[in-house]
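Okay, so here's the structure we're looking at.
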Amino acid sequence: MAAPSAPLLRSHPHRRALFPSSPRHRPASLLGFPPRRPGSSRRLPYTAVRSSSTASPSAPVEEAAPAPAGDAEEQERVCAHVMAMAVQKLFPNSKVTIGPWIDNGFYYDFDMEPLTDKDLKKIKKEMDQIIRQNLPLVREEVSREEAQKRIEALNEPYKLEILESIKEEPITIYHIGEEWWDLCAGPHVESTGKIDRKAVELESLAGAYWRGDEKNQMLQRIYGTAWENEDQLKAYIHFKEEAKRRDHRRLGQDLDLFSIQPIYIYQEDAGGGLVFWHPKGAIIRHILEDSWKQIHLQHGYDLLYTPHVAKADLWKISGHIDFYKENMYNQMDVEDEMYQLRPMNCPYHILVYKRKLHSYRDFPIRVAELGTVYRYELSGSLHGLFRVRGFTQDDAHIFCLEDQIQDEIRGVLDLTEQILGQFGFKYYEINLSTRPEKSVGSDDIWEKATIALKSALEDKGWEYKVDEGGGAFYGPKIDLKIEDALGRKWQCSTVQVDFNLPERFDITYVDSNTEKKRPIMIHRAVLGSLERFFGVLIEHYAGDFPLWLAPTQARILPVTDNELQYCNEVASELKSRGFRVEVCHGERLPKLIRNAETQKVPLMAVVGPKEVQARTLTIRSRHNGETGTMAVDEFITRLQLAVVNKSSL
């Protein structure tokens, strides 16, 4: 099964249209930011080119009260153009390429010398001047030949490529005043003065290859953001700071959870995109895996373990070599036979199915595996735990009859809700993708499968959107995104009906008339991958894992070394009951407490002479402070109850 993709790194649910001025959206999240606004169907701007004519600025606008802004995307689109205009005024030799608006702002790519943060300040200052001038935005339609002539006159080679990709005619141009113009479908606000310059910020610089191809020219990308007013910009900046504080890459290092590309004493690099789970991260993974297995066993799944490599012939049968080769690692010659690391688990599960004949009475058959797969990713696309080269999918496959599809899909949705609910994920964004133009399978089976998926969602009472024609060529699917504490959406669970692999592998069963028939195959993943889901959890909890999931549930802190023996006895007793505890000493008590809080340990048990004499513990919660003194047995009982209920002490 394909791994759910990471959200765009710059896609966050804090757009201007979702603030209180759009009350139809439900407020959600730690910071009060609601979910991302619905996508706009408007065409993206093609990109911009400057004119050689002379400026004729209009009267400046009153800065204290900018004119009412237009549609959110219109503002962002104009801001992108204003930024490009500013860059080309300051750097006349720069060449513009593409400049779209995106979920949280806009960006533009330029072919020019490398920029610095100091340059960003200059560009922003020039943008402010353009906004103050209140330059009109005027729409013009020209022929393709006229557009080409103007672009060639400006020596803008990238624009010629863009122009070739535009199929519609006439070509639409927007002018900013008389000095600069842009190939764009629009629409736009009436003038630059409609933008509140104090609500615009240039955020960062990055490199980007033209057309996303590393063989092409490296361009300079400038990211910016635009809002209706300064208060909204401040709220967005606060959101960014909170997201930065929760960044799983930083917390993973600070809390010693995992590392990627560790450098050893001999400066040997283990390789990009390969995750090293440290003891604390590994114990969380162990808890996740144990919970996952228990729930799957309760839902009637059989667990599998399958190899990490296979003969290349297997990937030829499955179609991966023909359609997925660029994401696979090179083949290995082993005793004159070619082997390859697996990019997916599906073919292995089919081989397990094919080990014997099946009757219609055997169905449904459910198999599940925490299977590690390997996929090639460009080094520039690697990103913490969210995009790696080796990861473990929580993969499962269901083989069933046509009339069992709905019940099986409903069972998957129930299981998904049970697993995700443990972590506090309650709000989902669900998409149902239907049959594309090119597909395999009969009309009848596509209709039955699609109706089954819809009915299962409706049985759950879950709202969903239909992506007409957005399914894979081999079957309809359900995609589920979870919402974290900041209101961000993460692609997580997938349920996919497959009419293709059963044909490729010729899997069959014997029906009630002793005739061979083809079973239905359902792929599904709940977490997506353990690595990526762990990254989401780190950011969701800000590294402050709940008691049942915390790598260290309690630290026992002696006031002096005189209490150390008793502390070790208590720790041994707690460990024998399955709790994750450690004794920390050798520092003054305030520092021991501070260290435990920094490491986000949920509970601290302080032990002084009185506690030793009374055989008790003084319990301190990281969130609630001191919770009282209690006997060890009482502490164990309360701890057990909290872990079972997945609650705090």
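One point on numbering: in full-length UniProt numbering, the residue at position 403 of the sequence shown is 403, and numbering is uninterrupted.
Ideal Cβ placement from N, Cα and C applies to all residues, glycine included.
Because the structure is a prediction, the values reported are computed rather than measured.
Review point. For Q129, which residues of its own chain have a beta-carbon under 7 Å away from its beta-carbon, when the five flanking residues on both sides are left out?
Key: none
Practice item. Determine which residues share a DSSP beta bridge with N431 and list them. Key: K465, D479
Review point. What runs of the alpha helix (DSSP H), each 4 residues or longer, lie entirely inside the region 67-129?
Key: Qualifying alpha helix (DSSP H) stretches, in chain order: 72-90.
Exercise for review: Tell me whether the beta-carbon of L205 lies closer than 8 Å to the beta-carbon of Q220.
Suggested key: yes
Review point. Does the region 527-534 come close enough to the region 381-391 to have 3 or more Cβ pairs within less than 8 Å?
Key: yes
Exercise for review: Could you check what DSSP says for I507 in three-state terms: helix, strand or coil?
Suggested key: coil
**Study point:** Identity of the residues DSSP links to E369 by a beta bridge
**Key:** D395
Check your understanding: Three or more C-beta pairs closer than 8 Å, one from the region 490-497 and one from the region 369-379: is that the case here?
Key -> no
Exercise for review: Compute every distance between the C-beta of D336 and the non-hydrogen atoms of the ligand ZN, then say whether any falls below 7 Å.
Suggested key: Absence of the ligand ZN is noted for the structure shown, with no ligands found whatsoever.
**Study point:** Element boundaries [beta strand (DSSP E), containing L219]
**Key:** Per DSSP, L219 belongs to the beta strand (DSSP E) from 218-226.
Review point. In whole angstroms, what is the alpha-carbon distance linking L160 and C184?
Key: Straight-line Cα distance between these residues: approximately 14 Å.
Check your understanding: With a Cβ-Cβ cutoff of 8 Å, do L557 and L603 count as a contact?
Key -> Contact: no.
Check your understanding: Short check: CB of V497 to CB of I419, under 8 Å?
Key -> The answer is no: Cβ separation not under 8 Å.
Check your understanding: What span of residues does the alpha helix (DSSP H) with Y541 cover, start to end?
Key -> 530-541
**Study point:** Among T618, R132, V536, G300, the one whose alpha carbon lies nearest that of V82
**Key:** R132
Check your understanding: Is Y174 near H188, with beta carbons less than 8 Å apart?
Key -> Contact flag set, yes.
Check your understanding: Is it the case that the Cβ atoms of E626 and T618 are separated by a distance below 8 Å?
Key -> yes
Review point. Are the beta-carbon atoms belonging to E242 and L589 less than 8 Å from one another?
Key: No, Cβ-Cβ distance for E242 and L589 is not below 8 Å.
Review point. How about R504 and G319: do their beta carbons lie closer than 8 Å?
Key: yes
Check your understanding: With C-beta atoms as the reference, is S291 less than 8 Å away from H278?
Key -> no
**Study point:** Nearest neighbour of E168, chosen from V142, T306, E337 [CA to CA]
**Key:** V142
**Study point:** Integer-rounded CB distance, given that L202 should sit under 8 Å from I171
**Key:** In fact, because the Cβ distance is near 29 Å, the residues do not count as touching under 8 Å.
Check your understanding: Which of helix, strand or coil does DSSP assign to F423?
Key -> The answer is coil: DSSP assigns F423 none of H, G, I, E or B.
Review point. How do the region 560-578 and the region 456-475 stand: do at least 3 beta-carbon pairs fall below 8 Å, yes or no?
Key: no
Check your understanding: Going by DSSP, what residues sit across from Q491 in a beta bridge?
Key -> DSSP, once it has assigned bridges, lists K481 as partnering Q491.
Review point. Which one of Q298, R577, L304, I409 has the shortest CA to CA distance from K460?
Key: I409
Practice item. Since I believe N568 is in contact with V583 (beta carbons under 8 Å), could you give me their beta-carbon distance rounded to a whole number of angstroms? Key: 6 Å
Practice item. Take the Cβ of E447 as the centre, count every other Cβ of all protein chains shown within 10 Å, and call the residue buried at 16 or more, exposed below. Key: exposed
Exercise for review: State the start and end residues of the unbroken alpha helix (DSSP H) segment that holds W292.
Suggested key: Boundaries of the alpha helix (DSSP H) harbouring W292: 279-298, taken from the DSSP string.
Check your understanding: What are the start and end residues of each continuous beta strand (DSSP E) run of 3 or more residues lying completely inside the region 176-258, in chain order?
Key -> 180-183, 200-209, 218-226
Point to revise | DSSP three-state assignment for T598, whether helix, strand or coil | key: helix
Review point. Among R488, R622, N431, H585, which one has its Cα closest to the Cα of G469?
Key: Taking only the C-alpha atoms, the option nearest G469 is N431.
Review point. Just how far apart, CA to CA, sit L163 and R144?
Key: 8 Å
**Study point:** Contacting residues, own chain, Cβ-Cβ under 8 Å from I317 (five flanking each side not counted)
**Key:** Excluding residues within five positions, the ones whose Cβ falls inside 8 Å are P347, R504, F505.
Review point. Three-state secondary structure (DSSP) at I593?
Key: Looking at I593 - three-state DSSP - the assignment turns out to be helix.
Exercise for review: Under 6 Å Cβ to Cβ from A84, same chain only, skipping five residues before and after it: list those, please.
Suggested key: Sequence-distant Cβ neighbours of A84 in its own chain, meaning closer than 6 Å and more than five residues away, are A48, V96, G99, Y108.
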